[in-house]
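Colleague: To convert a position in the sequence shown, counted from 1, into the working numbering, add 1.
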Amino acid sequence: MTASYSVQPGGRLGGTVRVPGDKSVSHRSIILGSIATGATRITGFLEGEDALATMNIFRALGVRIDGPTAGEVAVNGVGLRGLRAPNTVLDCGNSGTSMRLLAGLLAAQPFDCELTGDASLRKRPMRRVAEPLAAMGARIEPAEGGRPPLRIRGNPSLRGIDYAMPVASAQVKSALLLAGLYASGTTRVTEPAPTRDHTERMLAAFGYAVRRDGATVSVSGGGTLRATEIAVPADVSSAAFFMVGASIAPESDITLEAVGVNPTRTGVIEILRRMGADLTVLEPRELGGEPVADIRVRSADLQGIEIPRELVPLAIDEFPALFIAAANARGRTVLRGAEELRVKESDRIQVMADGLAAIGAQAEPTPDGMVIDGGAYAGGVVDSHGDHRIAMAFAMAALRARAKIVVRDCANVATSFPGFVETSRRAGLPIEELA
Ligand code: S3P
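(1) Let's see if you can read the secondary structure: which residues bound the beta strand (DSSP E) around Leu134?
(2) Which value, in whole angstroms, describes the spacing of the CA atoms of Phe320 and Gly12?
(3) Give the range of the alpha helix (DSSP H) segment to which Ser35 is assigned.
(4) Return yes when at least one heavy atom of the ligand S3P lies under 7 angstroms from the C-beta of Asp348, else no.
(5) Using DSSP with H/G/I as helix, E/B as strand and the rest coil, what is Val298?
(6) Would you check if the distance between the CB atom of Thr416 and the CB atom of Asp23 is smaller than 8 angstroms?
(7) Between Ala184 and Leu159, is the Cβ-Cβ spacing less than 8 angstroms?
(8) Please classify Pro157: is it buried, with 16 or more other beta-carbons within 10 angstroms of its beta-carbon, or exposed?
(9) Under three-state DSSP, which class holds Ser7?
(10) Per DSSP, what are the beta-bridge partners of Arg65 in this structure?
(11) Suppose the cutoff is 7 angstroms on Cβ atoms and the five residues either side in sequence are ignored; what does the same chain contact list for Pro368 look like?
(12) In angstroms with no decimal places, state the Cα-to-Cα distance between Ala247 and Gly223.
(13) Secondary structure at Ser185, three-state DSSP: helix, strand or coil?
(14) Does the Cβ-Cβ distance between Ile141 and Gly80 come in under 8 angstroms?
(15) Leu134 to Ala180, Cα distance in whole Å?
(16) Within the same chain, show all residues whose beta-carbon is closer than 6 angstroms to that of Val313, passing over the 5 residues directly before and after it, in chain order.
(17) Work out the CA separation of Ala364 and Leu472 for me, nearest whole Å.
(18) Measure the beta-carbon distance from Thr249 to Arg401 and round it to whole angstroms, keeping in mind my assumption that it falls under 8 angstroms.
(19) Taking 7 angstroms as the line, does the beta carbon of Asp318 fall inside it for any heavy atom of the ligand S3P?
(20) Whole angstroms is fine: what's the gap from Met166's alpha carbon to Pro431's?
(21) Identify whether Gly208 lies in helix, strand or coil by the three-state DSSP scheme.
(22) Among residues of its own chain, excluding the 5 on either side of Gly381, which ones have a beta-carbon nearer than 6 angstroms to its beta-carbon?
(23) Does the count of Cβ pairs from the segment 64 to 73 and the segment 95 to 103 closer than 8 angstroms reach three?
(24) Using a Cβ-Cβ cutoff of less than 8 angstroms, which residues in the same chain neighbour Gly376 once the five nearest sequence positions on both sides are dropped?
(25) Suppose you measure from the CA of Ser347 to the CA of Asp92; what does that come to, to the nearest Å?
(26) Give the range of the beta strand (DSSP E) segment to which Leu257 is assigned.
(27) Say the cut is 7 angstroms; is the CB of Lys345 nearer than that to a heavy atom of the ligand S3P?
(28) Report the residue from Arg85, Leu14 and Gln9 whose alpha carbon sits nearest the alpha carbon of Ala428.
(29) Since Ile317 contacts Thr334 with CB under 8 angstroms, what's their CB separation in whole angstroms?
(30) Under DSSP, the alpha helix (DSSP H) around Leu273 begins and ends at which residues?
(31) What is the DSSP secondary structure of Val220, reduced to helix, strand or coil?
(32) Taking 7 angstroms as the cut-off, is the C-beta of Gly121 nearer than that to any heavy atom in the ligand S3P?
(33) Looking only at its own chain, which residues have a Cβ that is under 6 angstroms from the Cβ of Arg343, when we skip the five neighbours before and after it?
(34) Would you list the one or two residues that DSSP bridges to Gly381?
(35) Using only alpha-carbon positions, find the residue among Leu33, Asp302, Pro21 and Arg29 that is nearest to Gly49.
(36) Ile391 by DSSP, collapsed to three states: which one?
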């Protein structure tokens, strides 16, 4: 579990790259495929540890799932009422999405279960789902401090509620919508700012009625999901590392294929463009109810900006990469309103600030963001704290470093981007994995 990356300074990115499947869409394809009637075929599935954790949980709940083989999965859906009591604790690994979404689904079952996860996940806040689900009648008992493991006593007679989310969280919204499939009446969730809408889109693809009314999305219980085909787009969050790498490394020109460009996910493109990045969105098309496009990225002189607050939830997973862009931009970049970053797979504000300091870049963490003054930096040893996105961000930082960057604790890159080392090396990043 202690794999490190050693990345030589310099280099440029080029060629055509298809990054692995979207993590959010992959989780949801297993979840909805399992509770649909009939066989759902998934292509482009992310064979990363997080999505595989969700898959293994549904196997433990009695669903036959074949694959993944080269990104293909067949889910033999058991219908909304067909899940069976598991005879083990359900392990979500590093995956907050698995735990929060499944808390909603499992709270509505006629059996009890327990959800746990790795050391990072066991530090993450779960009251944000447990409390609104309790208002629906769910019985979820977190451990101390509202953290995992979650002991769930199933209650097949949940009631729909109207809930205004205090945090802009797609995971909370999705947990409530999944519980709402089983609840009496209508479950309405209002978001304080737009968040990724993959659950709503995919429910519709499975033939389940979802209403959207401004900032409020609602479902009514008692319907059915019908099996379908899901083609998973390449993950814009994984593509983001190459967008930043190609922007900062002189003479780069890379094309990222079939990237999901759902407008609730493309904050990173908007922010990079505002910084002066040269990104071209080519051949926009649709894949399984989600917009996709190829994205061409060429090097550019970036400039620091104030990141607009409304873009924060639309780029929430991309800030580790964006901080590297900011460290290579002229002038100051300021991020505010992003306190959620402190409760991701690591405290991404502190861990990124420490890593930037370790390589000699100028960054000042704030309670809800970061102030970064772009300029030259040296190199050095960075601890990713087991956070996949931090590891990949600092690997890309080497493209403009003066000396080698070593990133420690990179094994969790496999949660979202299996093959990162090979893919980025093929694109031109001088990266090596040390045992
Ligand atoms: C996700 C939602 C986001 C994101 C996470 C995946 C999802 O979390 O950070 O990586 O698939 O719904 P929040 O909804 O808690 O912001």
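All residues carry an ideal CB built from backbone N, CA and C; glycine is no exception. None of these values were measured; they are calculated from a predicted model.
Modeller: Reading it off the structure:
(1) For Leu134, no beta strand (DSSP E) segment is defined; the enclosing uninterrupted segment is the alpha helix (DSSP H) at Arg128 to Ala136.
(2) 23 angstroms
(3) Lys24 to Ile36
(4) False, no ligand heavy atom lies under 7 angstroms from that Cβ.
(5) strand
(6) no
(7) yes
(8) Pro157 comes out exposed.
(9) strand
(10) Beta-bridge analysis with DSSP links Arg65 to Asn77.
(11) When the five nearest sequence neighbours on each side are left out, the beta carbons in the same chain lying within less than 7 angstroms of the beta carbon of Pro368 are those of Glu340, in order along the chain.
(12) Straight across, the Cα-Cα distance linking Ala247 with Gly223 is about 49 angstroms.
(13) strand
(14) no
(15) 8 angstroms
(16) Gly338 and Ala339
(17) Missing from the structure shown is residue 472; the chain here goes from 2 to 436 and no further.
(18) In the sequence as displayed, the identity of residue 249 is Ile instead of Thr. 5 angstroms between Cβ atoms; contact.
(19) yes
(20) 44 angstroms
(21) Reduced to three states, the DSSP call for Gly208 is coil.
(22) Within the same chain, Ala359 and Ile360 come within 6 angstroms of Gly381 by CB-CB distance, once the 5 residues on both sides are set aside.
(23) The answer is no - the segment 95 to 103 does not touch the segment 64 to 73, with fewer than three Cβ pairs under 8 angstroms.
(24) Ala328, Ala362 and Gln363
(25) 19 angstroms
(26) Asp254 to Gly261
(27) yes
(28) Leu14
(29) Their Cβ separation, rounded to whole angstroms, is 16 angstroms, which puts Ile317 and Thr334 out of contact at 8 angstroms.
(30) Gly268 to Arg275
(31) strand
(32) Just to set this straight, residue 121 is Ser in the shown sequence, not Gly. No, the beta carbon of Ser121 sits no closer than 7 angstroms to any heavy atom of the ligand S3P.
(33) Ile350
(34) When DSSP reads this structure, Gly381 sits in a beta bridge with Ile406.
(35) Pro21
(36) helix
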